[in-house]
Amino acid sequence: ALSEEEKTTLRAGLITNFNEPVNQIATQISVLIAKVARVDCPRQWPELIPTLLESVKVQDDLRQHRALLTFYHVTKTLASKRLATDRKLFYDLASGIYSFACSLWNHHTDTFLQQVCTGDEAAAINSLERTLLSLKVLRKLTVHGFVEPHWNVEVMGFLHAVFERLKQFLECSRSIRTENICRDRLEKTIILFTKVLLDFLDQHPFSFTPLIQRSLEFAVSYVFTEAGEGIVFERFIVQCMNLIKMIVKNYAYKPSKNVEDSSPETLEAHKIKTAFFTYPTLMEICRRLVTHYFLLTKEELTMWEEDPEGFTVEETGGDSWKYSLRPCTEVLFIDIFHEYNQTLTPVLLEMVHSLQGSTNLEDTNAILIKDAVYNAVGLAAYELFDSVDFDQWFKNQLLTELQVAHNRYKPIRRRVIWLIGQWISVKFKSDLRPMLYEAIRNLLQDQDLVVSISGTILQCQINYDFEFRTDQFLPYLESMFTLLFQLLQEVTQCDTKMHVLHVLSCVIERVNMQIQPYVGCLVQYLPLLWKQSEEHNMLRCAILTTLIHLVQVRGQNHINV
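Here the sequence shown stands for residues 1260 to 1820, where the numbers follow my numbering.
And the structure:
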């Protein structure tokens, strides 16, 4: 709708000066310039990039920051374009400005580190902000600006420099103990360094090959040795674990069954991985994951005591679950154990054998370690199929542990029933089912545990187990259904209600007509639950699923909802 003359005037006006004092307005102006650049740069707006490059050199702090902010948003927007012609233009842009961007980043980084050493916090915060913005620009240029970045000396030089800068920034975090603005921005910058490596590995796995050895050494050193003590923070640990996981799982680094069909790049990457993951290294990673990162923390135990339902929802996939350390450690363990199961199986079995027999109820650490080891055995159930006689273990050890009523043993009872749930579809004899049902019923009557284990094993047993036999379950049907229905009424969170309702639906579906004497209370309760779930569509879907099963069992004429 605008004429070319008007567009030219607007473009010129947008980059006349970079002196907006209000941060929020400055950000919106930068975003606006980036949106115009997406359409017009570089053909209709060739002066934009040169103007930005000159503006980030000025001595005025405000103008320099605003120009750098705009430079980042423009780079980010241009990097997101995917048409071939647009990609070619961005490659040309990256080649032309990469050297300058590296120099700019090094300058601001060195300035920040000097100011931290002198204790000038106000100046350090300003320099750190510029370091962060220039690093964001380099991240986009490095990841999206080159077809084969490993042939570019400056790109590979920057990536190798990332490790040295990371060490320097981590040391800075040690000296900045207080929770202030500088520390917060410092941690964001550290995370951004790791994002550069992760993004580059994701987009250019073969170009990342020269960095595999150093990445693994760096990540393993800080996460699995004493080098990281007092320095690392949770999100950094998560990023390091993601880096290890991506290298371990990367299909580009896995040779074909017929080695001759594999590319030289794949064989080289695989050779580096194999040389790094020696038996001592794998053993230390496995032991550290299980005996350190798998341990329930004091905060988690306190949350369990104060809000068992909230603890359970959070642990099984709450809003912050995917960003937290525990699921990340478990996924890393699963991936490494799958990749190196022949090496790690004896290590894990040795840990299990060392825990046989009763545990001192006064030794909280021993209880938490047993919980962690059982967690590992559950996660690795499919890999351990041929190595563990689970039926004997259940009869001789696990069933006994489920009967220990002491309050301090609560984590073990919860973990054991979860462990059985993991193994039930892997290896568990049908003859042992009645013993298991009896144990489940007792646990569902335990008020301290009932929310935490609500249907964990029962769901696996009924919904996914091909060896399920109705005649074995019928003696426990009434009590099980009654206890689960009581739990459905008592819990308050939507996720928990959905889970319990799903288990009830599985019971109804599996036992079919045998459920009719016991479902009257559920039929009467569902309309009330429907009204209470007006803002929870997923819970209403679960209610409808349960109704479908009820209709199929009782017949439409028998249900008035």
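Glycine included, every Cβ here is placed at the ideal spot set by N, Cα and C.
Reduced DSSP category for Tyr1552 - H, G, I as helix; E, B as strand; rest coil: helix
Three-state secondary structure assigned by DSSP to Trp1304: coil
Close Cβ partners of Asp1578 (< 7 Å) along its chain, the five nearest in sequence each way excluded: For Asp1578, the predicted structure reports a pLDDT of 48, less than 50, and the residue's modelled location is therefore unreliable. The matter cannot be settled from this model.
Collapsed DSSP secondary structure at Tyr1777 in the structure displayed: helix
Where Phe1359 falls, given that 16 or more other Cβ within 10 Å makes a residue buried: exposed
Touching by the beta-carbon criterion (3+ pairs, under 8 Å), the segment 1585–1603 and the segment 1691–1701: no
Between the CA atoms of Gln1651 and Val1590 - distance to the nearest angstrom: 28 Å
Contacts around Phe1467, its chain only, beta-carbon distance under 7 Å, and the 5 residues preceding and following it disregarded: Phe1459 and Leu1460
Range covered by the alpha helix (DSSP H) that runs through Glu1380: Glu1380 to His1403
Span separating the alpha-carbon of Lys1669 from that of Thr1537: 37 Å
Spatial neighbours of Phe1273 in its chain, beta-carbon cut-off 6 Å, leaving aside the 5 residues before and after: The question names Phe, but residue 1273 is Leu in the sequence shown. So the qualifying residues of the chain are Ile1292.
Classification of Leu1614 by the beta-carbon crowding that lies within 10 angstroms, buried from 16 upward: exposed
Top-ranked residue by Cα proximity to Asn1624, from His1551, Asn1796, Val1636 and Glu1543: His1551
Whether Glu1564 touches His1597 by CB criterion (8 Å): no
Beta-carbon spacing of Ala1528, Ile1471 below 8 Å: yes
Test item: CB-CB of Leu1760 and Leu1746 under 8 Å: no
Cβ-Cβ distance between Thr1448 and Phe1428 below 8 Å: yes
heavy atom of the ligand MN below 7 Å from Trp1789 C-beta: You won't find the ligand MN in this model; it holds no ligand whatsoever.
Of the residues Arg1473, Phe1483 and Glu1488, the one placed nearest Val1549, counting alpha carbons only: Phe1483
At least 3 beta-carbon pairs within less than 8 Å: the segment 1759–1774 vs the segment 1728–1741: yes
Nearest-angstrom Cβ-Cβ length linking Leu1397 and Leu1327, presumed shorter than 8 Å: The pair is not a contact, with the Cβ atoms about 12 Å apart (cut-off 8 Å).
Cβ-Cβ distance between Ile1496 and Leu1475 below 8 Å: no
Terminal residues of the alpha helix (DSSP H) in which Ile1807 lies: Asn1796 to Arg1813
Closest by C-alpha distance to Ile1595, when choosing among Lys1504, Asn1278 and Ile1676: Lys1504
Start-to-end residues for the alpha helix (DSSP H) that takes in Thr1571: Pro1567 to Glu1574
When Arg1673, Pro1786 and Cys1376 are compared against Ser1434, the one with the closest alpha-carbon: Cys1376
Delimiting residues of the alpha helix (DSSP H) encompassing Val1315: It is not in any alpha helix (DSSP H) - Val1315 carries neither H nor E in the DSSP assignment.
C-alpha gap between Cys1300 and Ile1288, whole angstroms: 16 Å
Length-filtered (3 minimum) beta strand (DSSP E) runs lying within the segment 1413–1443: none
Rounded Cβ spacing between Phe1277 and Arg1325 (contact assumed at less than 8 Å): 4 Å
Buried versus exposed, by CB contacts within 10 Å (16 or more), Ala1296: buried
Endpoints, the alpha helix (DSSP H) within which Trp1652 is located: Phe1649 to Trp1652
For Thr1267, three-class secondary structure by DSSP: helix
Euclidean distance between Cα positions of Glu1279 and Asp1630: 56 Å
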